[in-house]
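Undergrad: Counted the way the numbering used here counts, the sequence shown spans residues -6 to 289.
For reference, the structure I am asking about is given below.
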Amino acid sequence: MIWCSGWELASAVSNAGGLGLIGSGSMTPTLLREQIKKCRDATSKPFGVNIPLLFPSSDDFIKIVIEEKIPVVFTSAGNPGKWTSHLKQHGIKVVHVIANVKFAKKCQEAGVDAIVAEGFEAGGHNGKEETTTMVLIPMIREVVTIPLIAAGGIGTGRGMLAAMALGADGVQIGSRFVASEESSAHQNFKQKVIEAKDGDTQLTLKRIVPVRLIKNKFFNEVEKMETEGASLERLSDLLGKGRARKGMLEGDIDEGELEIGQVSGLIKEIKPAKTIVEEIISEFQMAKEELFKIDI
-6 MIWCSGWELA
4 SAVSNAGGLG
14 LIGSGSMTPT
24 LLREQIKKCR
34 DATSKPFGVN
44 IPLLFPSSDD
54 FIKIVIEEKI
64 PVVFTSAGNP
74 GKWTSHLKQH
84 GIKVVHVIAN
94 VKFAKKCQEA
104 GVDAIVAEGF
114 EAGGHNGKEE
124 TTTMVLIPMI
134 REVVTIPLIA
144 AGGIGTGRGM
154 LAAMALGADG
164 VQIGSRFVAS
174 EESSAHQNFK
184 QKVIEAKDGD
194 TQLTLKRIVP
204 VRLIKNKFFN
214 EVEKMETEGA
224 SLERLSDLLG
234 KGRARKGMLE
244 GDIDEGELEI
254 GQVSGLIKEI
264 KPAKTIVEEI
274 ISEFQMAKEE
284 LFKIDI
């Protein structure tokens, strides 16, 4: 949810009954602190912060969430053992995002309070194993006893019910909220998301850091370079020119990086976050009732 989930979206989701998260990956330490204060002014409900541990400012972000007394932190893209005990000493719940069984076990050993298991369908950075959510959740459920949150390909109430049937205790939803009124994503990007169909996204840049993108001019450049055997340096140079900001925040749908999940094919309309949450819960309840009526 880089460039998409600031204080406005996080507070709207929390006010609607979910747990809103501020995505710190695109922020400076000063901006993160401002976002936290604005979110706190906009909601009396709990909200959290996602911190990608591979980013240079992650150490500063850890200090900020402790000072601001954030109740729950979602860490990702790094070693779960690095900050978990330190955060927990300050009364903060820690949830770590992983994409395979190996790191799920490491998370439990590190003492995290919960795991987000993110399947291959997810948008943004992804696991190299390409394990789908439908396979990943039951595999991880077999090896951990802590709460398990499913992510990747979930954007509806039926998807939420399916994840819980597979063994998840809850779900994390990103892509559906990119196309919300409160998302900080550019309108051009939101429009591109609701126009997406099945097959319009693909996992790429597997040699550097796997990321699922909408197919556009930039995506085609990446694929061409990889096919021609471009060096990691050339690929990193292409990726490192502010492409994510250009695409998702500034709205350059040709030259920008457009990170979104496969579930974008199910998203047809930009709506308020409150409406999205209500629709997901309503469909979840309806699907559950329908399921119990089935004679087996």
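Ideal placement from N, C-alpha and C gives every residue a C-beta, glycine not left out.
Pick out the complete alpha helix (DSSP H) segments inside the segment 223 to 287, 4 residues or longer, and give them in chain order.
TA: 225 to 232 and 266 to 285
Undergrad: Can we say the segment 132 to 148 touches the segment 112 to 122, given the rule of at least three CB pairs closer than 8 Å?
TA: Touching, yes, given that three or more Cβ pairs across the two stretches are closer than 8 Å.
Undergrad: By Cβ distance, which residues of its chain are closer than 8 Å to K267, with the 5 residues on each side in sequence left out?
TA: Here the question's residue 267 lines up with position 274 in the sequence shown. A5, N8 and A9.
Undergrad: According to DSSP, is F48 part of a helix, a strand, or is it coil?
TA: As a position in the sequence shown, residue 48 is number 55, starting the count at 1. Here F48 sits in coil by DSSP.
Undergrad: Roughly how far, in whole angstroms, is the beta-carbon of I85 from the beta-carbon of V105, given that I think they are within contact range, below 8 Å?
TA: Translated into positions along the sequence shown, residue 85 becomes position 92. Translated into positions along the sequence shown, residue 105 becomes position 112. Actually they are not in contact, since the Cβ atoms of I85 and V105 sit about 11 Å apart, beyond 8 Å.
Undergrad: Kindly provide the ranges of any alpha helix (DSSP H) runs that are 4 or more residues long and lie completely inside the segment 99 to 178, ordered along the chain.
TA: Runs of the alpha helix (DSSP H) spanning 4 or more residues and lying entirely within the segment 99 to 178 occur at 126 to 134, 150 to 158 and 168 to 171, in chain order.
Undergrad: How would you label M279, buried or exposed, when you count the other beta carbons within 10 angstroms and need 16 or more for buried?
TA: If you number the sequence shown from 1, residue 279 lands on position 286. Looking at its Cβ environment, which holds fewer than 16 other Cβ atoms inside 10 Å, M279 is exposed.
Undergrad: Taking buried to mean at least 16 other C-beta atoms within 10 Å of its own C-beta, is A158 buried or exposed?
TA: Translated into the one-based positions of the sequence shown, residue 158 becomes position 165. Result: exposed.
Undergrad: With DSSP collapsed to three states, give me the class of R26.
TA: Along the sequence shown, read from residue 1 onward, the residue named residue 26 stands at position 33. Residue state, collapsed to three classes: helix.
Undergrad: Which of the three DSSP states, helix, strand or coil, is assigned to T293?
TA: This structure does not reach residue 293, given that the chain is present from -6 up to 289, and the question cannot be answered.
Undergrad: Suppose the cutoff is 7 Å on Cβ atoms and the five residues either side in sequence are ignored; what does the same chain contact list for C(-3) look like?
TA: Taking the sequence shown and counting its residues from 1, one reaches residue -3 at position 4. So the qualifying residues of the chain are G16, V171, S176, S177, A178 and M241.
Undergrad: Quick one: what's got a C-beta closer than 6 Å to K183's C-beta in the same chain, skipping five residues either side?
TA: For this step, residue 183 is matched to residue 190 along the sequence shown. Once the five neighbours on either side are set aside, the close Cβ partners of K183 are A172 and I263.
Undergrad: Indicate, with yes or no, if the ligand FMN has a heavy atom lying under 7 Å from the CB of V186.
TA: In terms of ligand content, the structure shown is empty, and the ligand FMN therefore cannot be addressed.
Undergrad: Just to confirm, is the Cβ distance from M153 to F277 under 8 Å?
TA: What you label residue 153 is simply residue 160 of the sequence shown in a count that begins at 1. What you label residue 277 is simply residue 284 of the sequence shown in a count that begins at 1. In terms of Cβ geometry, M153 and F277 form a close pair [threshold 8 Å].
Undergrad: Would you kindly check if the distance between the Cβ of L141 and the Cβ of D162 is under 8 Å?
TA: Start at 1 with the first residue of the sequence shown, and residue 162 comes out as number 169. Start at 1 with the first residue of the sequence shown, and residue 141 comes out as number 148. Yes, these two residues count as a Cβ contact at 8 Å.
Undergrad: Let me check understanding here. Comparing Cα to Cα, which of K239, V164, S257 and L251 lies closest to A189?
TA: Locating residue 189 in the sequence shown gives position 196, where the first residue counts as 1. That would be S257, whose Cα lies nearest to the Cα of A189.
Undergrad: With a threshold of 8 Å, are at least 3 pairs of Cβ atoms found where one atom belongs to the segment 67 to 86 and the other to the segment 24 to 37?
TA: Contact fails between the segment 67 to 86 and the segment 24 to 37, because fewer than three Cβ pairs, one in each stretch, are under 8 Å apart.
Undergrad: Is DSSP giving I59 helix, strand or coil here?
TA: Here residue 59 is taken as the residue at index 66 of the sequence shown, counted from 1. Of the three classes helix, strand and coil, the one that applies to I59 here is helix, per DSSP.
Undergrad: When DSSP labels each residue in this structure, what does H79 get in the three-state scheme?
TA: The sequence position of residue 79 within the sequence shown is 86, counting from 1. Correct three-state label for H79: helix.
Undergrad: Would DSSP call G18 helix, strand or coil?
TA: Position 25 of the sequence shown holds residue 18. DSSP places G18 in helix when its eight states are reduced to three.
Undergrad: Mapping the DSSP letters down to three states, classify L2 as helix, strand or coil.
TA: Counted from its first residue, the sequence shown places residue 2 at position 9. In this structure, L2 counts as helix in the three-state DSSP scheme.
Undergrad: Less than 8 Å between the beta carbons of I253 and L232, yes or no?
TA: Within the sequence shown, the letter at position 260 stands for residue 253. Within the sequence shown, the letter at position 239 stands for residue 232. Against a cut-off of 8 Å, the Cβ pair of L232 and I253 comes out as no contact.
Undergrad: E61: which of D34, I133 and I269 sits nearest, CA to CA?
TA: Here residue 61 is taken as the residue at index 68 of the sequence shown, counted from 1. When each option's Cα is compared against that of E61, the closest is D34.
Undergrad: Residues in the same chain with beta-carbon distance under 8 Å from E243, minus the five sequence neighbours each way, listed in chain order, please.
TA: Locating residue 243 in the sequence shown gives position 250, where the first residue counts as 1. Within the same chain, E243 has close Cβ partners H179 and G249.
Undergrad: In this structure, how does DSSP classify I201 when only helix, strand and coil are distinguished?
TA: For the purposes of this step, residue 201 is identified with residue 208 of the sequence shown, where counting begins at 1. Secondary structure of I201 (DSSP, three-state): coil.
Undergrad: Are the CB atoms of I260 and I187 nearer to each other than 8 Å?
TA: One-based indexing of the sequence shown puts residue 260 at position 267. One-based indexing of the sequence shown puts residue 187 at position 194. Contact: yes.
Undergrad: If G160 sits next to P131, beta carbons under 8 Å apart, how far is it from one beta carbon to the other, in whole angstroms?
TA: Sequence index remark: in the sequence shown, residue 160 carries index 167 (1-based). Sequence index remark: in the sequence shown, residue 131 carries index 138 (1-based). That belief holds up - the Cβ atoms of G160 and P131 are roughly 5 Å apart, short of 8 Å.
Undergrad: Which of helix, strand or coil does DSSP assign to T194?
TA: The sequence position of residue 194 within the sequence shown is 201, counting from 1. It is a strand residue.
Undergrad: Alpha carbon to alpha carbon, how far is V87 from L80?
TA: On the sequence shown, position 94 is the one that residue 87 refers to. On the sequence shown, position 87 is the one that residue 80 refers to. The straight-line gap from Cα to Cα measures roughly 7 Å.
Undergrad: How far does the beta strand (DSSP E) with I91 in it extend, from its first residue to its last?
TA: Counting from one through the sequence shown, the residue named residue 91 turns up at place 98. Counting along the chain, the beta strand (DSSP E) containing I91 begins and ends at K86 to I91.
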